[in-house]
Every structure is written in structure tokens, then in C-alpha cells.
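*Asks:* According to the UniProt record's numbering, the sequence shown is numbered sequentially starting from 1.
All residues carry an ideal CB built from backbone N, CA and C; glycine is no exception.
Below: one structure in C-alpha cells.
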Amino acid sequence: MRSKELFKTIILSLLVLMSAVLTYMTWNFSPDLANVNSHDSKDKHTNTIGKTLKGGMSQAITPYQIIHSNGDETEGMGATKNNVKTLIKPLKDQKVTHSERMHSQHNLIIPDLSNNFVVLDFTYQMPLATYLGQVLNINAKVPNHFNFNRLLIDKDHNGKLKLYAISKDRHDVVRMTTTAKSSKMIQALAESDKAMRPYSDIITNKDTIDKATHIFAPEKPKKLKTYRTIYNRISVDAMNSILFNDSVVVRSATSGTTTYNNNTGVANYNDQSEKYRYTNLSEDEDKSKNMKETIPSTFNYINGHGGFTDDFRLFSTDNDTGELTYQLFLNGRPTFNTDNLNQIKVAWGKKGIFGYARALLKTNVTIDSGGDSEISLPGAEEVRASLANNPQLDFEKVTNIALGYTMNDKPDNKDIEIQHNSEFKPQWYVEYNGKWHPYSKDGGLE
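In C-alpha cells, the structure reads:
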């Protein structure tokens with residue numbers, strides 16, 4: 001009897017001890033989150049909406065046209081990816097051995113510029129150090145905070161290339177001596193000769209009267225094709241998984257706009273306009289206005305998740321707001337759309353993405369519309385004369401005349417399941433007082 005009581009006591013003691021141990025383990029349990037975090041990070045890192053650009057920044061930070069000025073002859077071409085790659089190849093991985101900044105109060109004249117040089121024209125201004133270092137991989141010491149939107153490529157008497165970076169207002173230039181061989185540029189021009197077409201030299205004001213500062217435009221754009229593009233849609237969930245750090249709360253509105261948010265950000269998507277906009281709430285109110293940081297950072301961010309789903313290129317930089325616009329190009333020419341469905345707008349903060357807006361569309365297939373839809377536009381001289389003689393315009397405020405494509409959005413209907421498509425029609429575009437406008441047949445701007 002006594003041994004039976006002892007056995008019960010031992011069993012009871014063991015049960016109490018086991019209960020105490022289990023309670024202790026429960027209170028002090030700390031799950032191993034290493035694998036979970038690693039898995040989540042991997043998912044977010046590999047979550048893409050398109051293919052990344054393997055060629056780096058030189059595929060998105062490009063000129064919009066390439067000009068060859070040789071004596072009295074001027075030729076040019078649209079900046080297709082192959083054209084750009086060929087012409088900048090002689091400059092890549094070189095060095096700037098000497099640089100000098102020059103300023104002119106009046107018309108900019110470069111005395112040592114030869115009669116045979118190449119022009120890379122950009123629609124935006126950017127830091128010279130960023131373009132040389134990040135795009136061309138050129139080792140260079142150049143003046144700090146110098147922005148340019150035109151680069152001249154010339155040769156010196158030593159068989160090397162000289163570069164002239166010209167500011168947007170055409171009053172400042174940085175002259176650079178490089179280690180690049182002029183023979184390589186001559187070869188590149190020979191390879192591009194078939195793509196070159198006659199261009200006109202246009203003077204609009206006192207800042208464009210020198211050969212280094214002329215406005216260049218295609219002389220006679222004939223038989224230009226129109227194109228039709230059919231799109232695929234980008235998943236809203238894919239965009240949310242890229243931009244939000246954790247799960248989101250969905251709030252739907254009757255207007256067709258759905259709002260997604262969590263503690264770090266908020267996004268809106270309209271299923272009729274197919275536009276998506278994200279704002280990072282964890283960032284400070286001020287966007288970064290340092291383009292030396294913003295341009296490479298936004299490119300790397302967008303490219304990291306395959307955001308350059310089509311031929312998007314940097315088109316404008318706003319130093320006042322810090323916002324950048326990447327715009328869709330077709331055949332090396334910029335496209336324009338009244339609803340901005342052809343744009344990616346981004347801003348950078350102190351620690352990461354500040355804002356991100358785009359249409360959730362990407363090209364499925366693009367075809368030309370056939371021979372019956374070819375268009376012949378008026379020549380550059382006719383456009384110039386019409387603008388100059390228009391009493392409603394201040395011709396001196398014209399800073400660019402370029403060929404582009406008007407993107408006419410043509411959704412078949414409002415049904416989300418119906419294929420979305422657009423037509424691209426060739427059109428003259430004019431940069432007037434800092435903004436781009438389509439040129440109208442009556443000689444004005446729309």
C-alpha cells in the first residue's frame with residue numbers, strides 16, 4: 001500500500017515538472033525568422049513585371065537624336081538603341097585628361113570647334129558627371145553641379161576626341177580632352193551612314209545662331225509609317241508586392257478607383273484609365289532634388305523589378321520638384337499622349353522611392369498599319385516659317401523641333417477583359433517655353 005502511494009507521488013511529481021518545463025518553453029519561445037525573412041526578401045527581390053535591362057543606364061539615359069554636322073552638310077537620325085550604342089561606343093571606358101568651363105554672356109561661340117562634329121541632343125538636362133561616370137563609364141574630373149543637354153563630339157590634332165557639354169540656356173560649355181580615338185568615331189559614323197537623313201539647321205533666337213547651338217530637325221520627313229500596338233496588362237498585385245513592405249489594406253471606391261495602403265505607403269489604381277500611383281508615406285515630405293543621386297537611383301529601382309517594360313527613356317528632369325519622367329520611345333523617336341499613358345513618373349526620397357506613377361500596360365505586339373497609312377509631314381523649313389510668322393507665338397521661345405509619335409489611345413470598351421490597343425501616328429512636336437506641343441496644320445501649337 002505504501003509503495004503504491006509512493007508510485008502515485010512520483011508520477012504526480014513528474015507531471016508537475018513536465019508542466020512547468022512546457023510552460024517555461026512556451027513563455028520563452030522565439031521563432032526562427034531567418035528563413036522566413038530570407039524567403040520574403042527573395043520573393044520581393046525577384047518579383048518583376050518585365051525583363052531587366054542588361055546594358056545598364058546607357059539604354060534609358062540617351063539622346064533623342066544624333067546629328068552629324070560636316071561643313072555645309074547636316075545629317076541626322078533618330079536615336080534607336082543600335083544607333084546610340086554604335087555612336088557612344090568609342091567614348092565608353094575612356095578618360096577625361098583635362099576639362100575647362102567657359103561662359104558667354106551672349107551667343108555661345110566655340111573657337112576651336114572644327115567643321116566636322118557629332119551632336120548628341122537630349123530632351124532634358126542632367127549633371128555632366130553623372131552622364132560621364134554612370135552612362136559612359138568615363139573617368140573624369142569635371143566642374144561640380146554642371147548640367148548639360150547637348151554634347152558635341154569633335155576631334156583634335158592628336159587623333160583624340162574632344163567633348164563639349166553645353167548648358168540648356170546655351171551660355172556655358174565644358175570643354176574636355178579625352179583618351180578616346182577619333183578613328184573609332186569615324187568608323188562609327190561610317191557604320192551609321194545608311195540611317196542618316198538630311199537635317200535642317202534652324203535659328204530661333206540669339207542663343208541659337210552659332211553652328212554649335214542651332215536647332216536641328218529632319219529636313220523632309222516623307223512616307224512615315226503609323227503603328228498599332230496591342231497591350232498586356234500589368235498586375236496590380238505585382239506592383240503592390242514590389243512597392244509595399246508588407247500586407248496591404250484594400251479600400252474600394254465607387255468611381256472605379258481602388259486604394260491600397262499600409263503603414264508605409266498608399267497606392268491608387270483606376271481600372272478605367274489603368275493608371276497606378278504610389279506614394280511612400282515613410283519618406284520625408286521633401287523629394288530629393290539632387291539629380292546626381294536621383295537619376296541613377298530611380299533607374300536602378302525601376303530596372304530592378306523590370307519596370308522598363310518597353311523602350312522607356314528619361315525624357316525630363318524637374319529640379320524644382322525632384323520628379324523625373326521616363327517616356328516611351330518608338331523607333332528612336334519620343335511618343336506623346338494626352339493622358340500620359342506613355343510615361344513613368346518617379347521621385348526619390350532620402351532613403352528610397354518617394355513616388356511612382358505609371359499606366360499598368362506593356363506592349364504585347366507592335367505592327368505597322370500598312371502602306372495606305374503612310375504619312376508625309378511638312379518639311380522642317382515650312383514648320384519653322386509657320387511658327388515664326390504666327391503672331392500668337394513668341395518664336396524666340398522655341399527651343400526644339402522634333403519628330404515624334406502621337407499615341408492615340410483606343411480601348412475597345414470599358415470591359416477590363418477586352419484587349420487594350422493604341423495607334424501611333426507620326427507628328428511634328430515643338431518645345432515651346434519649356435513644354436512640348438504638337439504642331440498643328442495651321443502653323444500653330446495645340
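Go through its chain and collect everything with a Cβ distance to residue 330's Cβ below 8 Å, but skip five positions before and after it.
*Replies:* Against the sequence shown, residue 330 aligns to sequence position 330. The answer, listed in chain order, is 227, 311, 366, 405 and 424.
*Asks:* Can you tell me whether DSSP reads residue 154 as helix, strand or coil?
*Replies:* Your numbering for residue 154 matches position 154 in the sequence shown. Strand.
*Asks:* Excluding five sequence neighbours on each side, which residues of the same chain lie with their C-beta closer than 6 Å to the C-beta of residue 74?
*Replies:* Working through the sequence shown from its first residue, we reach residue 74 at position 74. Cβ within range, chain order: 199 and 201.
*Asks:* Go to residue 237, then tell me how far its alpha helix (DSSP H) extends in each direction, as first and last residue.
*Replies:* Residue 237 sits at position 237 when you count from the first residue of the sequence shown. Residue 237 -> alpha helix (DSSP H) spans 236–243.
*Asks:* For residue 127, write down the residues that DSSP places opposite it in a beta bridge.
*Replies:* Counted from its first residue, the sequence shown places residue 127 at position 127. Note: residue 127 sits in a beta bridge opposite 147.
*Asks:* Since I believe residue 292 is in contact with residue 130 (beta carbons under 8 Å), could you give me their beta-carbon distance rounded to a whole number of angstroms?
*Replies:* The residue labelled residue 130 in the question sits at position 130 within the sequence shown. The residue labelled residue 292 in the question sits at position 292 within the sequence shown. That belief holds up - the Cβ atoms of residue 130 and residue 292 are roughly 5 Å apart, short of 8 Å.
*Asks:* Along the chain, which unbroken stretches of the beta strand (DSSP E) at least 3 residues long are found entirely within the segment 178–261?
*Replies:* Runs found: 197–202, 215–218, 227–233, 249–252 and 257–261.
*Asks:* So is residue 281 buried or exposed if we call it buried at 16+ other beta carbons inside 10 Å?
*Replies:* To locate residue 281, count along the sequence shown from 1; it is residue 281. Label assigned to residue 281: exposed.
*Asks:* Have a look at residue 258 and residue 364 and give me their C-alpha separation to the nearest angstrom.
*Replies:* Residue 258 sits at position 258 when you count from the first residue of the sequence shown. Residue 364 sits at position 364 when you count from the first residue of the sequence shown. The alpha-carbon atoms of residue 258 and residue 364 are separated by roughly 25 Å.
*Asks:* Measure the C-alpha to C-alpha separation of residue 79 and residue 65 and round it to an integer number of angstroms.
*Replies:* In the sequence shown, residue 79 corresponds to position 79, counting from 1. In the sequence shown, residue 65 corresponds to position 65, counting from 1. Approximately 5 Å, taken between the alpha carbons.
*Asks:* Counting Cβ pairs closer than 8 Å, one from the segment 375–393 and one from the segment 263–271, do we hit at least three?
*Replies:* The segment 375–393 vs the segment 263–271: no contact.
*Asks:* For a test of the three-state rule: what should DSSP assign to residue 23, helix, strand or coil?
*Replies:* Translated into the one-based positions of the sequence shown, residue 23 becomes position 23. With a pLDDT of 46 at residue 23, under the threshold of 50, the modelled position of that residue is not reliable, and no figure is offered here.
*Asks:* State the DSSP-derived secondary structure class of residue 308, mapped to helix, strand or coil.
*Replies:* Mapped onto the sequence shown, residue 308 falls at position 308. Correct three-state label for residue 308: coil.
*Asks:* Considering residue 165, what are the terminal residues of the beta strand (DSSP E) in which it resides?
*Replies:* Locating residue 165 in the sequence shown gives position 165, where the first residue counts as 1. Here the beta strand (DSSP E) through residue 165 covers 160–166.
*Asks:* Just how far apart, CA to CA, sit residue 50 and residue 313?
*Replies:* Taking the sequence shown and counting its residues from 1, one reaches residue 50 at position 50. Taking the sequence shown and counting its residues from 1, one reaches residue 313 at position 313. Approximately 15 Å, taken between the alpha carbons.
*Asks:* From the DSSP output, in three-state form, read off residue 142 for me.
*Replies:* Along the sequence shown, read from residue 1 onward, the residue named residue 142 stands at position 142. Residue state, collapsed to three classes: coil.
*Asks:* In the DSSP assignment, what residue or residues form a beta bridge with residue 398?
*Replies:* The count along the sequence shown starts at 1 and reaches residue 398 at position 398. 432, per the DSSP bridge assignment.
*Asks:* For residue 155, which option in 326, 52 and 186 has the closest C-alpha, if you only look at C-alpha atoms?
*Replies:* For the purposes of this step, residue 155 is identified with residue 155 of the sequence shown, where counting begins at 1. Of 326, 52 and 186, the residue nearest in Cα terms is 186.
*Asks:* With 16 as the cutoff for other CB atoms within 10 Å, does residue 332 come out buried or exposed?
*Replies:* For the purposes of this step, residue 332 is taken as residue 332 along the sequence shown, with counting starting at 1. Classification for residue 332: buried.
*Asks:* Rounded to whole angstroms, what's the CA-CA distance from residue 143 to residue 344? Just pull it up for me.
*Replies:* Walking along the sequence shown from the start, residue 143 turns up at place 143. Walking along the sequence shown from the start, residue 344 turns up at place 344. Roughly 30 Å separates the two Cα atoms.
*Asks:* Helix, strand or coil: which one does DSSP assign to residue 33?
*Replies:* Residue numbering aside, residue 33 sits at position 33 when the sequence shown is read from its first letter. Here the model assigns residue 33 a pLDDT of 31, short of 50, so the residue's position is not dependable, and the following value carries that caveat. The answer is coil: DSSP assigns residue 33 none of H, G, I, E or B.
*Asks:* Taking Cβ to Cβ, would you say residue 177 is nearer than 8 Å to residue 194?
*Replies:* Position 177 of the sequence shown, counting from 1, holds the residue named residue 177. Position 194 of the sequence shown, counting from 1, holds the residue named residue 194. No, the pair does not count as a contact, with Cβ atoms beyond the cut-off.
*Asks:* Taking just the CA atoms, how far does residue 395 sit from residue 439?
*Replies:* Translated into the one-based positions of the sequence shown, residue 439 becomes position 439. Translated into the one-based positions of the sequence shown, residue 395 becomes position 395. Straight-line Cα distance between these residues: approximately 13 Å.
*Asks:* Considering Cα atoms alone, identify which of 294, 317 and 59 is closest to residue 87.
*Replies:* Sequence index remark: in the sequence shown, residue 87 carries index 87 (1-based). Among 294, 317 and 59, the Cα nearest to that of residue 87 is on 59.
*Asks:* Reducing DSSP to helix, strand and coil, say where residue 66 ends up.
*Replies:* Position 66 of the sequence shown, counted from the start, is the residue given in the question as residue 66. Looking at residue 66 - three-state DSSP - the assignment turns out to be strand.
*Asks:* Which partner residues of residue 458 appear in the DSSP bridge assignment?
*Replies:* Since the first residue shown for the chain is 1 and the last is 446, residue 458 is missing from the structure and cannot be characterised.
*Asks:* On the premise that residue 217 lies in contact with residue 276, defined as a C-beta separation below 8 Å, what is that separation, rounded to the nearest angstrom?
*Replies:* What you label residue 276 is simply residue 276 of the sequence shown in a count that begins at 1. What you label residue 217 is simply residue 217 of the sequence shown in a count that begins at 1. Not really, about 35 Å apart at Cβ, beyond 8 Å.
*Asks:* Between 369, 361 and 402, which has its C-alpha nearest residue 381's C-alpha?
*Replies:* Position 381 of the sequence shown holds residue 381. Ranking the options by Cα distance to residue 381, first place goes to 402.
*Asks:* For residue 427, name the three-state secondary structure that DSSP assigns.
*Replies:* Translated into positions along the sequence shown, residue 427 becomes position 427. Correct three-state label for residue 427: strand.
*Asks:* Spell out the partners DSSP gives residue 280 in its beta bridges.
*Replies:* By 1-based counting over the sequence shown, the position of residue 280 is 280. Residue 280 pairs with 265.
*Asks:* Mind checking residue 449: buried by the 16 CB within 10 Å criterion, or exposed?
*Replies:* This structure leaves residue 449 out entirely; the chain is present only between 1 and 446.
*Asks:* Counting C-beta neighbours from all protein chains within 10 Å, is the total for residue 234 16 or more, i.e. buried, or is it exposed?
*Replies:* Mapped onto the sequence shown, residue 234 falls at position 234. It is buried - the Cβ of residue 234 has at least 16 other Cβ atoms within 10 Å.
*Asks:* Is it buried or exposed for residue 222, if we count other Cβ within 10 angstroms and need 16 for buried?
*Replies:* The residue given as residue 222 occupies position 222 in the sequence shown. Classification of residue 222: exposed, given that the 10 Å Cβ count is below 16.
*Asks:* Let me check understanding here. Comparing Cα to Cα, which of 369, 173, 442 and 224 lies closest to residue 105?
*Replies:* Taking the first residue of the sequence shown as 1, we reach residue 105 at position 105. Nearest option by C-alpha distance: 173.
*Asks:* Could you tell me which of 109, 151, 348 and 385 sits nearest to residue 204, measuring between CA atoms?
*Replies:* Position 204 of the sequence shown, counted from the first residue, corresponds to residue 204. Of the candidates 109, 151, 348 and 385, the one whose C-alpha sits nearest the C-alpha of residue 204 is 385.
*Asks:* Just grab the DSSP bridge partners of residue 75 for me.
*Replies:* To locate residue 75, count along the sequence shown from 1; it is residue 75. DSSP, once it has assigned bridges, lists 68 and 198 as partnering residue 75.
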